[in-house]
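Here is the structure we will look at, set down as structure tokens.
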């Protein structure tokens, strides 16, 4: 069993601190009594207030219909301990199996959406659909993050960043620059 | 003066290897005889073939009008040596000044677009606009990367990943997993 993270409420206006660096995330969903998880690397920040998060979910994913029908999901942030889960979840379909059971992950109830949090992830962001298919040519989604849950230990997580071809970059050192460049904007 | 990277032609179908991990990029543009650069962290991959790249460029940026009018840009990938440039470029407007001159950066000619490559960046991706404003509510752009130029030394660059509040994560170690999990997809 993997470690569960004890998460605290977190200001949704600050979620960029965890998502803007570009980590792989796990998208959990629920629809008609079933849950699912997908691994996702194609996403970006779109706004602070409201907290908007954009992503690409191909129609070939089982999660596509689940999030389109439920209009909800949870974006979960895994750390390096979940490498095997990240890969495994990205390489099988939830149409055939229960990925929580298959990969030893635990559901935790969300507050505002039916999709579950993943207890073993460092952070979880509850999302409601703000715009589906902003472009008819691309399956792009815009989510509003309505509630955020983030662990406080460690201060920052070691995250996985996918390069394709089975290669992940792991988040490295941090540089704080406000002292060096005090005139910079947020 | 910062080091210039000797770049080689690169298959546009593989640009995810550099962009999907979520680094800060420098967007160069040209319009009516002037050039500009902006720092950008809100972007994502959208497709392999054609190679599609999505980003958010707020209308308040001087670069917004330049890329909307020219329908072209170059996405350049800076390394940690350009930290000061990345911050400085993100905190002033090209309406008032020539950012190449101000930040000691060198233009290099692109092959398919008028916007210049930044010689001091590890990689440069020439882009043509595939869709502006895929959503009327958000200034989202979809670019087709039509030509890619990537340095071969080092094998992978040390990139900057922004967290807001003046804090950058630097890309860390690499994990190659295909041997460990041979059934994974690309």
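Chains as they are written, first to last, in the numbering used here: chain A, 1 to 186; chain Z, 1001 to 1186. Don't be surprised by glycine CBs; every beta carbon is placed ideally from N, CA and C.
At least three beta-carbon pairs within less than 8 Å, the segment 30–44 of chain A to the segment 124–132 of chain A: The answer is no - the segment 124–132 of chain A does not touch the segment 30–44 of chain A, with fewer than three Cβ pairs under 8 Å.
Inter-residue Cα distance where the pair is residue 1034(Z) and residue 1112(Z): Cα to Cα, the separation comes out at about 17 Å.
For residue 1123(Z), the nearest candidate out of 1007(Z), 1001(Z), 1002(Z), 1003(Z) (CA to CA): Checked all of 1007(Z), 1001(Z), 1002(Z), 1003(Z); the closest Cα to residue 1123(Z) is 1007(Z).
Validate contact between the segment 1065–1078 of chain Z and the segment 1101–1121 of chain Z using beta carbons, cut 8 Å, 3 pairs: Contact holds between the segment 1065–1078 of chain Z and the segment 1101–1121 of chain Z, because three or more Cβ pairs, one in each stretch, are under 8 Å apart.
Short-range partners of chain Z found in the segment 57–81 of chain A, where Cβ spacing is below 9 Å: Shown in chain order are the members of the segment 57–81 of chain A whose Cβ falls below 9 Å from a Cβ of chain Z: 80.
DSSP state of residue 131(A) mapped onto helix, strand, coil: Residue 131(A): strand per DSSP, three-state reduction.
Separation of residue 48(A) from residue 1015(Z), as counted between CA atoms: Using only the alpha carbons, I get a separation of about 28 Å.
6 Å CB neighbourhood of residue 9(A) in its chain, flanking five on each side removed: Counting only Cβ-Cβ distances below 6 Å, and skipping sequence neighbours, we find nothing.
Residue 163(A) versus residue 1019(Z): straight-line alpha-carbon distance, rounded: Going from the Cα of residue 163(A) to the Cα of residue 1019(Z) covers about 8 Å.
Residue 1075(Z) versus residue 172(A) - alpha carbon distance: Straight-line Cα distance between these residues: approximately 23 Å.
Chain A contacts from the segment 1164–1186 of chain Z (Cβ-Cβ distance under 7 Å): Cβ contacts with chain A come from 1164, 1165, 1166, 1167, 1168, 1169, 1170, 1171, 1172, 1173, 1174, 1175, 1176, 1177, 1178, 1181, 1183, 1184, 1185, 1186.
Nearest candidate by alpha-carbon position, reference residue 36(A), set 131(A), 137(A), 72(A), 52(A): Cα-wise, what sits closest to residue 36(A) is 72(A).
Extent of the continuous alpha helix (DSSP H) run through residue 1(A): Counting along the chain, residue 1(A) falls outside any alpha helix (DSSP H), and DSSP gives it neither H nor E.
Beta-carbon gap between residue 86(A) and residue 24(A) smaller than 9 Å: Annotated as proximal: residue 86(A) and residue 24(A), with beta-carbon spacing under 9 Å.
Opposing strand residues paired with residue 28(A) [DSSP bridges]: The partner list for residue 28(A) (beta bridge, DSSP) reads 37(A), 74(A).
Candidates 1052(Z), 1131(Z), 1168(Z), 1082(Z), of which the one nearest residue 1120(Z) by Cα: Per the Cα distances, 1082(Z).
CA-to-CA distance, residue 60(A) to residue 90(A), given in whole angstroms: Distance between the alpha carbons of residue 90(A) and residue 60(A): 12 Å.
Residues of its chain near residue 1051(Z), where Cβ-Cβ distance is below 7 Å and the 5 sequence neighbours each way are ignored: Contacts found: 1012, 1013, 1015, 1144, 1145.
Sequence-distant residues of the same chain with beta carbon closer than 7 Å to residue 1079(Z), five excluded per side: Within the same chain, residue 1079(Z) has close Cβ partners 1122, 1157, 1158, 1159.
Check whether residue 1174(Z) and residue 103(A) have beta carbons under 9 Å apart: No.
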